[in-house]
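Note sheet for the following structure.
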Amino acid sequence: MNKKLLRSVREYKKQSVLAPILVILEVLMEVLIPLEMAKIIDVGIANGDMSYIIQRGVILVAMAMLSLFFGVQAGNMAAVAAAGYAKNLRHDIFYKVQDFSFKNIDHFSTSGLVTRLTTDITNVQQAYMMSIRLLARAPFMIILSWIMTLTINKPIAVLFLIVVPVLGGTLIFIAKKAHPHFIKVFDEYDNLNNSVQENVNASRVVKAFVREDYEIEKFHGISRYVYDLFTKAEKIVAWNSPVMMFVMYTVIIIIVAIGGRGIVLGGMETGELTSIIVYALQILMSLNMVTFVFVMIMIAEASTDRIVEVLDEVPEMQDKADAVKNVADGSIDFNHVDFSYAGEGGNLSLKDVNLHIKSGQTVGIIGGTGSAKTSLVNLISRLYDVTEGSIKVGGKDVRSYDMETLRNEVAVVLQKNVLFSGTILDNIAYGLEHVTEKEVMEVIKDVGLEDMIEKLPDGIYTQLGEHGDKLSGGQRQRISIARALIRKPKIIVFDEATSALDSASEKKVQEATSNMMKNCTTFLVAHRLSTIRNADRIVAMRDGKIVEVGSYDELMEKKGYFYELKALQS
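Note that our numbering has the sequence shown beginning at 450, numbered continuously upward.
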């Protein structure tokens, strides 16, 4: 088991240690039970001594009850330890993902992260539970059973010394042959989950284009491939059982032959032969147990590598020890900023951007598709880091701020709004603990949602469902705007935020929110020129460069790029 992952055991170390100790006690009782059975047969039954049989029978029952008690307790401890370990591991991965920048998240697919948090952790949990229970049980059972056999009959004990390594090596060889197929399976799980996720999220598109059969065929292809890989692996692992049974019955026949000869010649008692057969079964079944655990550990190894890949990912952005925890105002300065999503050496999305915004100004960002308008505003809240140059907010480089402090002061309303399962109140007050119902109702009124809220039976406590699918696109967008405004940030970015609204609704929202944004630096990223008509400054972008900056009237007088855009829209 990977050392990095074992750090997640934490408060479950006690159960992880107690489980194998209890297993050892259970094994000790199980090894002593055949001795008592031999004494009952060879002494009690042979001599017809009823009192001796009862006496040894009571001891036998006590041992069996103790073995049962230790086994149940070991099972409970192992289950608690494994479940707790999985819980901590799941928490650690999810917590790590929260620290990722967008660039880090781009390294993993959504379905890949989901698989790691579900299937992969379940595999590791099962392997851990079996390791602390069965891997402690099997070696002790083999050693103690062999010692007891040695005290009874040395030739049979020597037989085990030959059989155990040969059988163990064979079973491990079988497990190793199956290992590569299990690794491929978990890589394909990502594709399988991705297919399901895409199909569910895009169900309206699938039905609109009548492509259900195509999606079913695509899913069937991936599912069939996973089936084939699992089948290949299981066919190899399936050899475990027949090999095990063949060796087991062969050994028992040899034991019976040796033991029978010993009984006839007077060198062995019937009860001793019975106990040796029991020990043989214990040894061979323990070997089978080890192989089973070995297969599970190899399956878990593939999952472990995928989990470690996430835990080893170094967050691109990290707070400095002396990070600034106060944003003075909403002034923003872009100083010779270059930016590439691929980092240094990649194609530049933004090229030598220089822009200086005073606190409280409203800035419109206009440009064609692919002009890097969104890339520009994403850098303000440090969702990505600049490749060259610097960006200052409130007079300080964004890289010097505590990221939580900076992002709390930069609210973003996206074109593709995202709502969470929960109530309207939960979504508007997202992440804010001390927001009152009155404050929520005020911002709802400002964005023009009060009529809709009044018609709902549960008002702001109405459950939205997954992604807010019960609402129209415009209603979802207004809730997203309300969620940004209620934070009262120093900077707010509307990235095509009113694109789902008609012109009348857009104008109403702009008028209602204008008072709330008076002391706030506002960015309006838009395609429609009507959205930015009243902005203090308008920034026209093309191919990642700023080509014009000025007021609406100033840019119209220049009759440059902005004028051309206006003419095209007219």
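Note that the Cβ used here is the ideal one computed from N, Cα and C, for glycine as well. Predicted model, so just to flag it, every value in this text is computed and none were measured.
The stretch 993–1007 makes no contact with the stretch 837–844: fewer than 3 CB pairs, one atom from each, lie closer than 8 Å. Taking a C-beta distance under 9 Å as the contact criterion, leucine 593 and valine 476 qualify as a contact pair. Of the other Cβ atoms in all chains shown, fewer than 16 fall within 10 Å of the Cβ of phenylalanine 869; this residue is therefore exposed. Isoleucine 815 is not a Cβ neighbour of valine 942, given a cutoff of 9 Å. Below 8 Å, enough C-beta pairs join the stretch 599–609 and the stretch 718–729 to call them touching: three or more. By the CB criterion at 9 Å, leucine 832 and glutamate 945 fall outside the cutoff. Burial is judged here by how many other beta carbons sit within 10 angstroms of a residue's own beta carbon; glycine 819 has fewer than 16 and is exposed. At a Cβ-Cβ threshold of 9 Å, aspartate 778 and lysine 967 do not count as neighbours. Residue state for leucine 804 is assigned as strand, using DSSP reduced to three classes. The bridge partners DSSP lists for glycine 816 are Met990. Glutamate 765 carries a coil assignment under DSSP once its states are collapsed to helix, strand and coil.
Contact annotation: lysine 769 and serine 849 have beta-carbon atoms nearer than 9 Å. When Val507, Ile781, Met512 are compared, the shortest CA-CA separation from isoleucine 482 is found for Met512. Counting of Cβ neighbours within 10 angstroms places methionine 578 among the buried residues, the total reaching 16 or more.
Rounded to whole angstroms, the separation of the alpha carbons of glycine 844 and leucine 799 is 22 Å. Counting along the chain, lysine 894 sits inside no beta strand (DSSP E); it lies in the alpha helix (DSSP H) bounded by residues 886–895. Distance from alanine 624 to valine 744 at the Cβ level is roughly 5 Å; contact confirmed, criterion being Cβ atoms closer than 8 Å.
Per DSSP, the unbroken alpha helix (DSSP H) holding serine 824 starts and ends at 822–827. When the Cα atoms are used, leucine 1014 and glutamate 1006 turn out to be separated by approximately 13 Å. Glycine 817 sits away from valine 988, with the two beta carbons spaced by 9 Å or more. The straight-line gap separating the alpha-carbon atoms of tyrosine 698 and proline 691 is approximately 11 Å.
In the DSSP secondary-structure assignment, phenylalanine 788 is bridged to Leu799. Beta-carbon to beta-carbon, asparagine 642 and valine 563 are separated by about 6 Å, close enough to satisfy the 8 Å threshold.
The C-beta of glycine 493 has 16 or more other C-beta atoms within 10 Å across all chains shown, which makes the residue buried. With a cut-off of 8 Å on Cβ pairs, the stretch 890–903 is in contact with the stretch 915–932, counting three or more such pairs. The shortest C-alpha to C-alpha distance from isoleucine 502 to any of Phe783, Leu517, His805, Met486 is the one to Met486. Going by DSSP, isoleucine 726 is part of the alpha helix (DSSP H) stretching over 719–760.
DSSP, reduced to helix, strand and coil, places phenylalanine 869 outside both helices and strands of the structure shown, so it counts as coil. DSSP lists Asp782, Asp846 as the bridge partner or partners of lysine 841. By the CB criterion at 9 Å, valine 546 and valine 861 fall outside the cutoff. In terms of Cβ geometry, valine 742 and alanine 576 form a close pair [threshold 9 Å]. The residue from Asn640, Asp900, Arg755 with its alpha-carbon nearest to that of glycine 670 is Asn640. The beta-carbon separation of valine 705 and leucine 678, rounded to 43 Å, does not stay under the 8 Å limit for a contact. With distances taken between CA atoms, isoleucine 935 lies nearest to Gly880 out of Lys536, Ile665, Gly880, Phe658. A check of alpha carbon separations from lysine 865 across Gly795, Leu1017, Arg925, Phe631 identifies Arg925 as the nearest. Per DSSP, reduced to three states, the secondary structure at isoleucine 995 is strand.
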